[in-house]
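To start, the structure itself, in structure tokens.
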Amino acid sequence: MPIIRILPHPEYCPQGAEITAPAGTSICEALLDNKINIEHACDLSCACTTCHVIVREGFNSLNELDESEEDLLDRAWGLEPNSRLSCQAFLAQTDVTVEIPKYSINHAKENH
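FYI, the numbering for the sequence shown is 12 to 123, going by our numbering.
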């Protein structure tokens, strides 16, 4: 099973973390399943950018971006060339390292 390394984030994962998830799982699902409560305002339906992550290692092992994800990413805060919507980024057999940006486009947060 691939390992997801999460870099420290002051709110969601202050110490950073390493988790595993089966290939074919989205990064967002893996984070949520491991109690890293990343924002996901659209319930993983590729309709917002609140689950935006920056893939620091393993970007090329993930599935390709589709047009819907590319269009939404244009609105993400802190967009980088290796940005993905974690609800649309599915793991292969390769380990990945992700950074959760400090901010999202949400002005108000809900507890999911």
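Don't be surprised by glycine CBs; every beta carbon is placed ideally from N, CA and C.
Look at residue 55 here: in three-state DSSP terms it is coil, with no helix or strand label. Residue 69 counts as buried, since at least 16 other C-beta atoms from the protein chains shown sit within 10 angstroms of its C-beta. Secondary structure of residue 24 (DSSP, three-state): strand.
Under a 10 Å Cβ-count criterion, residue 86 is classified as exposed, with fewer than 16 other Cβ atoms of the shown protein chains found around its own Cβ. Residue 18 sits in coil when the DSSP states are folded into three classes, being neither helix nor strand. If you draw a straight line from the Cα of residue 112 to the Cα of residue 65, it comes to about 7 Å. According to the DSSP assignment, residue 65 belongs to the beta strand (DSSP E) that extends over 63-68. DSSP places residue 91 outside any alpha helix (DSSP H), giving it a letter other than H or E. Straight-line spacing of the CA atoms in residue 106 and residue 56 works out to 24 Å.
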